């Protein structure tokens, strides 16, 4: 996968997610049960937090250091719970603003990142012969797709009410 392909797929996913949420009343976005026990707001925080971690990884990799990030934490479910507890009372408007601004920063960082550094499996020994773009795809693209599919089910249930 190239950087341009990844960025296009990220844009397509985000457009789908935004279209899905367009017109949904704020009280529905904060109601638990949209994705398991989480509200849509909680899912947006969750996606943003993982994307923030990816920004950190890209920054640290660009500095030629080994990234220190929860992206590499095998206990990601505990990380998710900590982040949920930290942000469950955050205002919806702030969550939505973060959701937009974190993605903009991630896209900017990816656009500036040299293509060969993203796609060379030997560039970063800590990636264990995998290209960095594979990690970005997993943490950003695949992760958002997973939640998008769940939110489609939630959205369909709204229409059925």
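In our numbering, the protein residues as written are 83 to 243.
We treat Cβ as the ideally placed atom computed from N, Cα and C, and that holds for glycine.
Quick caveat, the model's predicted, so the values are computed rather than measured.
Please classify residue 135: is it buried, with 16 or more other beta-carbons within 10 angstroms of its beta-carbon, or exposed?
-> buried
Flag this pair as yes or no: are the beta carbons of residue 223 and residue 91 separated by less than 8 angstroms?
-> yes
Does the beta-carbon of residue 196 have 16 or more other beta-carbons within 10 angstroms, so that it is buried, or is it exposed?
-> exposed
Residue 200 beta carbon less than 8 angstroms from that of residue 214 | yes
Given 8 angstroms as the limit, is there contact between the region 124-132 and the region 159-173, that is, 3 or more CB pairs closer than that?
-> yes
Looking at C-alpha atoms only, which residue of 159, 153 and 133 is the closest neighbour of residue 189?
-> 133
Please name the residue or residues paired with residue 120 in a DSSP beta bridge.
-> 117
Would you kindly check if the distance between the Cβ of residue 174 and the Cβ of residue 103 is under 8 angstroms?
-> no
Would you report the Cα separation of residue 238 and residue 115, rounded to the nearest angstrom?
-> 13 angstroms
Does DSSP put residue 96 in a helix, in a strand, or in coil?
-> helix
Which same chain residues, not among the five before or five after residue 206, have their C-beta less than 7 angstroms away from its C-beta?
-> 143 and 214
Check each candidate in 109, 105, 85 and 153 and name the one with the smallest Cα separation from residue 128.
-> 153
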